[in-house]
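Visitor: Take any residue in the sequence shown, count from 1 to its spot, add 1: that is its number in my numbering.
Quick reminder that beta carbons are idealized off the backbone N, C-alpha and C, glycines included.
Being a predicted model, the structure only gives us computed values, none of them experimental.
For reference, the structure I am asking about is given below.
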Amino acid sequence: MHFKGPILLFSKIILGFIFIVSCKKSDDSSSGGQLFTLIPSSESNIQFNNIITETPKEHIYTFNYIYNGAGVAIADFDNDGLQDIYFTGNQVKDKLYKNKGDLKFDDVSSTSGIEQYGGWHNAVITIDINNDGLLDLYICRGGYYNIPEENSNLMLVNQGNMKFVDEAAKYGIADIGYSTTATFIDYDKDGDMDLYVDNRPERWGIQEDSIMAVKERLEKGIEDPLVTDHFYKNNGNGTFTNITRKAGFFPNYGYGLGVIAGDINKDGVDDIYVANDFIENDYFYINYGDSTFKQMSKQLTNHVPYYSMGVDFGDLNNDTKEEILTVEMRPDDYKRSKTTMPAMQPEYFAYLKDLGFHDQYMHNALQFNYGNGFFGDISQYAGVDKTDWSWAALISDFDNDGLKDIFISNGYRRDVYDRDTNKKMRELLARKNNIIDSVEQALGILPSVKLINYIFKNQGDLTFKKKMNEWGLDQVSFSNGSAVGDLDNDGDLDLVVNNIDDPAFVYRNNINDNQNYLRVKCANAPNNKFGLGTKVTIQYNQNQNQQYVQIRTARGYLSSCEPIAHFGLGKQDKIDKIIIEWNDKTLLELDNIKVNQLIEADYNKGVKKDVHPPKFKEVFKENTLNSIFPPFYHRENEFDDYKEQKLLPYAMSKIGPFISVGDVNKDGLEDFYIGGAHDNPACLYMQNDSGNFHLKKNPIFEKDKDYEDMQSVFFDADNDGDLDLYVVSGGTEYDEKRPIYQDRLYINNGQGLFTKDISSLPQIRSSGCNVLAADFDQDGDIDIFRGGRVIPGKYPYSPKSYMLYNNGNGTFKDVTDEISSDIRNMGMVTTSVWVDINGDKNNELIVTGEWMPLTVFEYSNAKFIKAPPEKFGFQNTEGWWNKLLAVDYDHDGDIDLIGGNIGLNYKFHASTEKPFMVYCNDFDNNGSYDIVLAKYNGKTQVPIRGRQCSSEQVPGIANKFPDFNSFANATLDDIYGKGLETGLKYEAKLFANTIFQNNGGKFKAMDMIPLAQFSCIQSMIADDFTNDGIDDFCIAGNLFNAEIETTRADASVGLFFKGSKENMMALPYGPANSGFFVPYDVKDIKAINVKGKKCILAGINSNALYFFRNIY
């Protein structure tokens, strides 16, 4: 994968991230009282109310966007130093309020000239269109009716004295489409602002075939100006030209609700992100710097929301790279999640992917900026994934503590996705032969539930805490467009919200003098008086800390914020440096700045200067095609894991490939073996003197391609001095009694040619995964521990595991039951290590896996004795473990353990107090093993899955709970009854990727850093990659095979840590810094020695094997 303009991470930025992680901010920055106060309309004089009236022609079923609301703009329209407020109305007239000070406003709408313009008004975008130093208003119009004079967009040009005249036609931007929103952007760096307009289709219920057909017509040059987005170039002479096709924005056809512009990849030119509702995926337009864009959402993210609404950019961890927050509609409340969530069928999900649509999931996305142009959704780690029917997304520092917080508006007038109501509606229409007496007769059935808006405090570690009640935002409403700005000039951000059927909210921020701040206004650029797109960076604390803001007005949803860069500073009392970079590369640096002021940065004092990030010495370079001949591609066979067990948490048939490394021909060069999926042969690659790898033909691997290869290991089985190969057989395609699960031993002839020795292994009938080769019985030859992974069709029951002893000449005997009473059915094993963890010079066997704790077997008197978990500190470690690594992490002379788990960025959460659970039983007595995943809702156990999919597994549930509401109000015991007690139950209590630090044989669990929690870790390696005598550390993972209602774990891109004398994870390197980048479904990584340097091989499910050459 290649990206334009990868951006290197600054070393101090990486260090700054570690500092933030280790120094969480206090819970509240304001001293006493609530952070916000809602100002009564009677006090502010803001009476605006976006009242929606349904009519027989205009209602939710004819006009799906009737309740989508309208926008709000905060700007100083008369340049008196006070921010004014403009509201758009859908069926009511727009309103303009002049700020008189002290949060009191005058309604000047009637004298301003704005009330003469009819139509359905959506977004309001502020821009100084004619560079006269007065902010103007671009109004997007588009409702139910296609009336050209009421649908064309308005360009309300500020005449001074709060008076406005529409000049959209004069400028050539009176777009006639069904416009929702827009943004201005200097895409070509010529100093003036160009325009992107977001238009929606003219009708509703459009399916994927219609989307594909329209886009195909657009590619052929057949255009419909009403229903596609448009891009207008500013000609610099007071006119604009539509260059949509020329600039690369065709084909587009979606229900766009949010659009934002900014230099999100920091390559010097601004990009555009469009949040699309319904089927069409979001558009991520990357600016190529040659006046063209390319839509790259699939290349730059692993998934996006399904019903995207509002969107904002903002730097959430002060590394000067902005994240992307896109909001959706998943309920936070358990019961609402069971009654209102739309269903997503696996077949339809797969069908959309086959058509070329991106992976889309029904929740908010917080895309973490990795610095190389790629983004990973960490919303579930951050705790901001569920905010119900969300609209505006705003990233700003509300409590002035130096960390940007998050506000999300919420609510919908008619709960059209209520599953029970939809059934009642269908029944009503059937009774009435689709003829109703009145609109209210039908619409009155729909629930109307006002909800609170969400506000989250940034905790300093990329997690966020809900603060609605503590911060005074606990009012219920149908809220839509929202904007922030300092309305009373006291140095904090106030908040204005446009509501449906209620007066607008105006919130005063009460921080006052409790926290310091700095505000920067960028002025006097010749064709961009307000500095839109200008980048502002501040540095403080001896340049060790920094913050970054790119100035933009169009943010969130249908709205515009003040054109000022706002920085909260907490107790910081001095700024070392301010760096301002205008769009045309004009640079201004200001030193030793006092806090608590508004700085006006003068463009005329800047100098033209290119800014280049510092160059770093990468550790690796992806070099697959130049090193692996022919390239290896893992091809997973098609198999429906959910046919037998519909509620499996993920597909158990897709957990390879795995790699083994060794010198198989004794030439002093390391070679590697990579396993194949069922019906695809494994491959052996031999290294040559040039450091490249060529496929070594082994007929037996082709013959054995029916097997599903899992983990493997090179070792000298027959004591003849060369490396033989043991391969575990796994998969779930067949009954476990089938010989397809027989493991294989391949004997080496000394030259890398292998033959299968069937007679040397006992019969094995268990779908496995893990293998560990070691001299367990201390007799001088190598034995095998082989862990069972799953029983096909009986998840999560424990498969058989095996201890195989070598008789000295390569024949193995199953001694499991002789040497231990606990190994055979210990659990769903994924990983094991053989290491001395207590310093007694005797190794212990440590095993773990899915739903398993870290389990220690001590070897004594030729027996393996299971140790109590408390003995080593491994109590409450039940998790979904994928990998254990035994290393001296902290260089103190003893062995620590590092565990790769599911991570903290997943739908499921676990703790000792509230474990995550699985039950399994034949609840409906039909001969199948039914799975029930469960969690705690408060103190009550409830199912993870909803009524529809639960009743597909156990049909009686639909009869027992005839509607979604009754199911939502039921406990787990109500739903499944005594079968819970008589069946199998496991609990998971720890999902974090974890360091187990050895303190004299007792282990202390420590979460790995946030960057390492963004996804599951499938594999890890520790080695000296930088040739400084200190081991470094590398991780990779993801879980793409999750069932579709559970967002797949896909936010990892791999992570490299440069070790230090303190520990091997001292300094995390971003992908642009390390060169190690694997945003795929990685199942295994291995170090391999090439020309004296440690390189990395990455085995990826349904993808190519990747090779990263060490260039350090």
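If I'm right that Lys-622 touches Ile-1112 with Cβ under 8 Å, what's the distance once you round it to whole angstroms?
Guide: As a position in the sequence shown, residue 622 is number 621, starting the count at 1. As a position in the sequence shown, residue 1112 is number 1111, starting the count at 1. The Cβ separation is near 5 Å, so the contact holds.
Visitor: Quick check on Ala-1006: does DSSP put it in helix, strand or coil?
Guide: On the sequence shown, position 1005 is the one that residue 1006 refers to. Ala-1006: strand per DSSP, three-state reduction.
Visitor: Taking the alpha helix (DSSP H) that Pro-213 falls in, what are its first and last residues?
Guide: The residue labelled residue 213 in the question sits at position 212 within the sequence shown. Note that residue 213 is Met in the sequence shown, not Pro. Element bounds for Met-213: 209-220.
Visitor: Tell me Met-918's beta-bridge partners as DSSP assigns them.
Guide: Numbered from its first residue, the sequence shown carries residue 918 at position 917. In DSSP, Met-918 forms a bridge with Ala-935, Glu-988.
Visitor: With 16 as the cutoff for other CB atoms within 10 Å, does His-613 come out buried or exposed?
Guide: Within the sequence shown, residue 613 is the residue found at index 612, counting from 1. By the neighbour-count criterion, in which 16 or more other beta carbons inside 10 Å mark a residue as buried, His-613 falls on the exposed side.
Visitor: With respect to the alpha helix (DSSP H) encompassing Arg-790, which residues constitute its N-terminal and C-terminal limits?
Guide: Residue numbering aside, residue 790 sits at position 789 when the sequence shown is read from its first letter. DSSP places Arg-790 in no alpha helix (DSSP H) but in the uninterrupted beta strand (DSSP E) bounded by 784-791.
Visitor: Output the boundary residues of the alpha helix (DSSP H) element that contains Phe-873.
Guide: The residue you call residue 873 lines up with position 872 of the sequence shown. 870-873 is the span of the alpha helix (DSSP H), which, as asked, contains Phe-873.
Visitor: Under 7 Å between the Cβ atoms of Ile-52 and Asp-502?
Guide: Against the sequence shown, residue 52 aligns to sequence position 51. Against the sequence shown, residue 502 aligns to sequence position 501. Yes; because the gap between Cβ atoms is below 7 Å, this pair is in contact.
Visitor: Name the two residues that bound the continuous alpha helix (DSSP H) containing Leu-248.
Guide: Within the sequence shown, the letter at position 247 stands for residue 248. The question names Leu, but residue 248 is Ala in the sequence shown. From DSSP, the alpha helix (DSSP H) with Ala-248 extends over 245-248.
Visitor: What does Val-848 pair with, by DSSP beta-bridge criteria?
Guide: Mapped onto the sequence shown, residue 848 falls at position 847. Its beta-bridge partners are Ser-833, Thr-856.
Visitor: Between which residues of its own chain and Ala-971 is the CB-CB distance below 7 Å, once the five residues before and five after are set aside?
Guide: Your numbering for residue 971 matches position 970 in the sequence shown. If we look at Ala-971 and ignore the five residues flanking it on each side, its Cβ neighbours are Phe-962.
Visitor: Assess, as a yes-or-no matter, whether the stretch 315-331 is touched by the stretch 922-941 under the definition of 3 or more beta carbon pairs within less than 8 Å.
Guide: Not touching, per the Cβ criterion.
Visitor: Rounding to the nearest angstrom, what Cα-Cα distance links Asp-778 and Phe-716 in this structure?
Guide: Translated into positions along the sequence shown, residue 778 becomes position 777. Translated into positions along the sequence shown, residue 716 becomes position 715. Taking the Cα positions, Asp-778 is about 16 Å away from Phe-716.
Visitor: Restricting to Cα atoms, I'd like to know which of Asn-826, Gln-646, Glu-590, Tyr-634 is closest to Cys-523.
Guide: Within the sequence shown, the letter at position 522 stands for residue 523. The option with the nearest alpha carbon to Cys-523 is Glu-590.
Visitor: Could you pull out every residue in the same chain whose Cβ sits closer than 8 Å to the Cβ of Ile-174, ignoring the five residues on either side in sequence?
Guide: Counted from its first residue, the sequence shown places residue 174 at position 173. Same-chain partners within the cutoff: Tyr-139, Asn-154, Met-156, Leu-196, Val-198, Tyr-233, Phe-241.
Visitor: Measuring CB to CB, does Phe-755 end up less than 7 Å from Ile-701?
Guide: Taking the first residue of the sequence shown as 1, we reach residue 755 at position 754. Taking the first residue of the sequence shown as 1, we reach residue 701 at position 700. Contact flag set, yes.
Visitor: Drop a sphere of 10 angstroms on the beta-carbon of Met-1115, count the other beta-carbons inside from all chains shown, and report buried for 16 or more, exposed for fewer.
Guide: Residue 1115 is absent from the model: the chain starts at 2 and stops at 1113.
Visitor: Following the continuous alpha helix (DSSP H) through Lys-171, name the residue where it begins and the one where it ends.
Guide: Position 170 of the sequence shown, counted from the start, is the residue given in the question as residue 171. According to the DSSP assignment, Lys-171 belongs to the alpha helix (DSSP H) that extends over 169-172.
Visitor: Can you tell me whether Lys-344 is buried or exposed? The criterion is at least 16 other CB atoms within 10 Å of its CB, across all chains shown.
Guide: Taking the first residue of the sequence shown as 1, we reach residue 344 at position 343. The amino acid occupying residue 344 in the given sequence is Ala; Lys does not appear at that position. The residue is exposed, with fewer than 16 neighbouring Cβ atoms inside 10 Å.
Visitor: Glu-348: buried (16+ other C-beta within 10 angstroms of its C-beta) or exposed?
Guide: Position 347 of the sequence shown holds residue 348. If you draw a 10 Å sphere on the C-beta of Glu-348, you find fewer than 16 other C-beta atoms in it, and that means exposed.
Visitor: Assuming Gly-880 and Leu-991 form a contact by the criterion Cβ under 8 Å, report the distance between their Cβ atoms to the nearest whole angstrom.
Guide: One-based indexing of the sequence shown puts residue 880 at position 879. One-based indexing of the sequence shown puts residue 991 at position 990. With a Cβ gap of about 4 Å, Gly-880 and Leu-991 count as contacting.
Visitor: Does the stretch 302-318 come into contact with the stretch 208-218, if we say contact requires no fewer than three beta-carbon pairs (one atom in each stretch) closer than 8 Å?
Guide: no
Visitor: Once DSSP output is grouped into helix, strand and coil, what is the label at Lys-908?
Guide: Against the sequence shown, residue 908 aligns to sequence position 907. Residue state, collapsed to three classes: coil.
Visitor: Can you grab the Cα-Cα spacing for the pair Glu-220 / Gln-300, in whole Å?
Guide: Here the question's residue 220 lines up with position 219 in the sequence shown. Here the question's residue 300 lines up with position 299 in the sequence shown. Cα to Cα, the separation comes out at about 21 Å.
Visitor: Please work out which residues of its chain come closer than 7 Å, Cβ to Cβ, to His-60, disregarding the five sequence neighbours upstream and downstream, and give them in chain order.
Guide: Working through the sequence shown from its first residue, we reach residue 60 at position 59. Closer than 7 Å at Cβ, skipping near neighbours: Ile-67, Val-440, Leu-444.
Visitor: First and last residue of the beta strand (DSSP E) that includes Ala-394?
Guide: The sequence position of residue 394 within the sequence shown is 393, counting from 1. Segment 391-397, the beta strand (DSSP E) holding Ala-394.
Visitor: Hey, Ser-1053 and Phe-1015: beta-carbon distance below 7 Å or not?
Guide: Here residue 1053 is taken as the residue at index 1052 of the sequence shown, counted from 1. Here residue 1015 is taken as the residue at index 1014 of the sequence shown, counted from 1. Yes, Cβ-Cβ distance for Ser-1053 and Phe-1015 is below 7 Å.
Visitor: Expressed to the nearest angstrom, what Euclidean distance is found between the alpha-carbon atoms of Gly-473 and Asp-974?
Guide: One-based indexing of the sequence shown puts residue 473 at position 472. One-based indexing of the sequence shown puts residue 974 at position 973. Taking the straight line from one Cα to the other gives about 38 Å.
Visitor: Is the stretch 1092-1107 touching the stretch 1066-1082, taking contact as three or more C-beta pairs under 8 Å?
Guide: yes
Visitor: State the Cα-Cα distance for the pair Gly-311 and Glu-224, rounded to the nearest angstrom.
Guide: Here residue 311 corresponds to residue number 310 of the sequence shown, with the count starting at 1. Here residue 224 corresponds to residue number 223 of the sequence shown, with the count starting at 1. Looking at the two C-alpha atoms, the distance is approximately 27 Å.
Visitor: Checking the sheet assignment: what are the DSSP bridge partners for Val-109?
Guide: Taking the sequence shown and counting its residues from 1, the one referred to as residue 109 is at position 108. Beta-bridge pairing links Val-109 to no other residue.
Visitor: Please classify Val-507: is it buried, with 16 or more other beta-carbons within 10 angstroms of its beta-carbon, or exposed?
Guide: Start at 1 with the first residue of the sequence shown, and residue 507 comes out as number 506. When all chains shown are included, Val-507 counts as buried.
Visitor: Rounded to whole angstroms, what's the CA-CA distance from Ser-833 to Val-857? Just pull it up for me.
Guide: Here residue 833 corresponds to residue number 832 of the sequence shown, with the count starting at 1. Here residue 857 corresponds to residue number 856 of the sequence shown, with the count starting at 1. Looking at the two C-alpha atoms, the distance is approximately 10 Å.
Visitor: Of the choices Asp-230, Tyr-254, Lys-247, whose alpha-carbon is the least far from that of Leu-210?
Guide: On the sequence shown, residue 210 is found 209 positions in, with the first residue counted as 1. Contrary to the premise, residue 210 reads as Asp rather than Leu in this sequence. Nearest of Asp-230, Tyr-254, Lys-247 to Asp-210, Cα basis: Tyr-254.
Visitor: Take Ile-186 and list the residues in its own chain whose beta-carbon comes closer than 6 Å to its own, dropping the five residues that flank it on each side.
Guide: What you label residue 186 is simply residue 185 of the sequence shown in a count that begins at 1. Answer for Ile-186: Asp-195, Ala-262, Asp-271, listed in chain order.
Visitor: Distance check for Ala-718 and Glu-329, CA to CA, integer angstroms please.
Guide: Working through the sequence shown from its first residue, we reach residue 329 at position 328. Working through the sequence shown from its first residue, we reach residue 718 at position 717. Computed Cα separation, rounded: 56 Å.
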